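In this text, residue positions in the sequence shown follow the working numbering: the first is 214, and each later residue adds one.
Backbone N, C-alpha and C fix where the C-beta goes; we use that ideal spot for every residue, glycine too.
Bear in mind the structure is a predicted one, so any value in this text is a computation, not a measurement.
Taking it in order: structure first as structure tokens, then the write-up.
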Amino acid sequence: MASSELFDKIVNLSKRRGIVFPSAEIYGGFRSTYDYGPVGVLMLRNVKDAWWRSMVQLRPDVVGLDASILSPPAIWEASGHLANFTDPLVDCKSCGSRHRLDKLEDPNTCPTCGATGEFTEPRQFNLMFKTQAGPVEDSGAIAYLRPETAQGMFINFANVLNTSRKKPPFGIAQIGKSFRNEITPGNFVFRTREFEQMEMEFFVPPAEADEWYDYWCNERLQWYIDHGMTAEKVRLRAHESDELSHYSSGTSDVEFEFPWGWDELEGIANRGDYDLTQHAKHSGEKLDFFDQASNSRYTPHVIEPAAGATRTMMAFLMDAYHEETVNDETRTVLRLHHRIAAYKIAVLPLSKKPELAGPSKEIFDGLSQRWMCDYDQTQAIGKRYRRQDEIGTPYCVTVDFDTLDDQAVTIRDRDTMEQVRIPIADVEQWFAERLV
């Protein structure tokens, strides 16, 4: 399948099956904003839950945080965002289109109209959203929507250190919305002005920074593979020296092979002590650690794995998309890992007749206590199977008229389409062994 064709199919499937809708569509849409539908909101939640499970729940050395989205200018002055969080912007004099100069394949040719030598002089454009806090519009009321979740973890370093009884090496993790006034958003939900991040700041003794950087690079790459992503479509790419931020001694990207080529899912950076040092300097507060064992005080270095939740969901969606011919018909199926799939199980009564509704609802009520389940009784059973295939539901439970006699149901596997007959009494245990 051609890359452009796959991209179009994913966008169409997302709209048709309630994964992602264009935002404000009834008013003509609002560029670069999207709403996650009944299926998409579950997938996105599952991506975040899987990340949180791996990064926080299963680790004794990482704790969570949920910091404020609104913040004062002082934070962003200390972090360098007010001065440095900019993109070079040029306008085409011929067609009026606007572009990031650093993203143009040919810095002299407009990709929109093809005109050459018609760009304005580049000017720096700050990507942060500025707003007013309170009723009076003056300089004292200026606030910013955060462009990243990281700074909330740095400014809470001392709070977490004092209340969690952790000591380096330890991490603070956060999932939340970030906002960047991108000049050229695009590629569906890959680059938008409002998005969700999954970030963790791992504070380590300076001498251990390189070791932990290598550890988190390998750990984060493996996470995508463990959750069903094709190994050949994901890779780790180390930044060249001219790509590194001024504070970074090493950065690597986890990249996925999107239809438009390899692009970033997550960055893992060795940030040194830049962030804590800057905030300590600007705030006047101590943001260091006293090591009783060595009777010394030091500022921890930071290893930061930072992933985009929305673009990660998109990558899982694209990687899982398959088409195959079954009985001379094309079957579309999302071969999602069960942790990522919106619904784990669909309960499908063969008929709308009342005698099947009772046992079907009873099975649904039991299974939905443990797993996210769908219930669908409309159209022929074959069409309902195809509908569940398209949204990636791993298993379907069909309740038929034989169920009334043998107290058993048919379970269908999404990937193999094989069916097995299981006693109702054994159904929950059957799924517990597979949806681990």
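Nearest-angstrom Cβ-Cβ length linking residue i and residue j, presumed shorter than 8 angstroms
i       : j       : result
Asp-418 : Pro-472 : First, the residue type needs correcting, since residue 418 is Pro and not Asp in the sequence shown. The pair is not a contact, with the Cβ atoms about 43 angstroms apart (cut-off 8 angstroms).
Gln-410 : Ala-520 : 7 angstroms
Thr-606 : Arg-634 : That pair is no contact at about 19 angstroms.
Gln-387 : Ala-554 : About 25 angstroms separates the two Cβ atoms, so there is no contact after all.
Gly-231 : Pro-251 : 5 angstroms
Pro-567 : Thr-616 : Contact flag wrong, Cβ pair sits at about 14 angstroms.
Met-526 : Met-256 : 6 angstroms
Val-467 : Glu-453 : Rounded, the Cβ-Cβ distance is 17 angstroms, inconsistent with contact.
Glu-407 : Phe-383 : Between Phe-383 and Glu-407 the Cβ distance is about 30 angstroms, and since that is not below 8 angstroms, they are no contact.
Local conformation of residue i per DSSP, three classes
i       : result
Tyr-357 : strand
Thr-606 : coil
Val-649 : coil
Ala-451 : strand
Gln-491 : helix
Gln-345 : strand
Lys-565 : coil
Gly-241 : coil
Leu-580 : helix
Glu-445 : helix
Gln-632 : strand
Pro-301 : strand
Phe-644 : helix
Pro-518 : strand
Gln-601 : helix
Glu-290 : helix
Ile-594 : helix
Val-183 : This structure leaves residue 183 out entirely; the chain is present only between 214 and 649.
Terminal residues of the beta strand (DSSP E) in which residue i lies
i       : result
Leu-547 : 542-547
Asp-626 : 621-626
Gln-410 : 407-417
Cys-586 : 586-588
Phe-379 : Reading the sequence as shown, one finds Lys at residue 379 and not Phe. Unbroken run through Lys-379: none, as it is neither H nor E.
Arg-651 : Nothing about residue 651 can be read from this structure; the chain reaches only from 214 to 649.
Val-276 : 275-277
Asn-483 : 474-485
Phe-502 : 502-504
Gly-463 : 463-471
Phe-234 : 233-235
Arg-272 : Unbroken run through Arg-272: none, as it is neither H nor E.
Arg-311 : 311-313
Ser-509 : 509-511
First and last residue of the uninterrupted alpha helix (DSSP H) at residue i
i       : result
Thr-224 : What sits at residue 224 in the sequence shown is Val, not Thr. Per DSSP, Val-224 belongs to the alpha helix (DSSP H) from 216-229.
His-294 : 294-297
Phe-529 : 522-533
Gly-497 : Neither: Gly-497 is in no alpha helix (DSSP H) and is coded neither H nor E.
Arg-433 : 422-439
Arg-258 : 251-265
Gly-365 : 363-368
Through-space distance from residue j to residue i, alpha-carbon basis
i       : j       : result
Ser-245 : Arg-524 : 13 angstroms
Gly-463 : Glu-414 : 15 angstroms
Thr-512 : Leu-340 : 30 angstroms
Arg-266 : Trp-436 : 11 angstroms
Arg-647 : Tyr-556 : 14 angstroms
Thr-329 : Ser-292 : 38 angstroms
Phe-332 : Cys-305 : 5 angstroms
Gln-590 : Thr-623 : 15 angstroms
Gly-579 : Asn-259 : 21 angstroms
Gly-302 : Ile-385 : Per the sequence presented here, residue 302 reads as Leu, with Gly not at that position. Each residue's Cα considered, the two are about 35 angstroms apart.
Phe-675 : Leu-295 : The structure shown has nothing for residue 675, since the chain only spans 214 to 649.
Leu-549 : Ser-509 : 49 angstroms
Asp-455 : Ala-522 : 27 angstroms
Lys-499 : Phe-234 : 46 angstroms
His-535 : His-551 : 16 angstroms
Asn-394 : Pro-286 : 17 angstroms
Tyr-357 : Phe-342 : 6 angstroms
Arg-229 : Thr-397 : 26 angstroms
Gly-497 : Leu-449 : 38 angstroms
Glu-412 : Ile-594 : 43 angstroms
Phe-243 : Arg-336 : 25 angstroms
Ala-451 : Gln-345 : 39 angstroms
Asn-321 : Asp-315 : 12 angstroms
Gly-327 : Ile-355 : 40 angstroms
Ala-248 : Gln-601 : Looking at the sequence itself, residue 248 is Asp, so the reference to Ala does not match. So the alpha carbons of these two residues sit roughly 21 angstroms apart.
CB contact below 8 angstroms: residue i versus chain B
i       : result
Met-256 : The displayed structure is made up of one protein chain only, and chain B is not part of it.
Quiz item: If we count Cβ pairs, one from each stretch, closer than 8 angstroms, do we get three or more for the stretch 485-497 versus the stretch 358-370?
Solution: yes
Exercise. Tell me, please, whether the stretch 558-566 touches the stretch 575-587 by the rule of three or more beta-carbon pairs shorter than 8 angstroms.
Key: Output reads yes: the stretch 575-587 touches the stretch 558-566.
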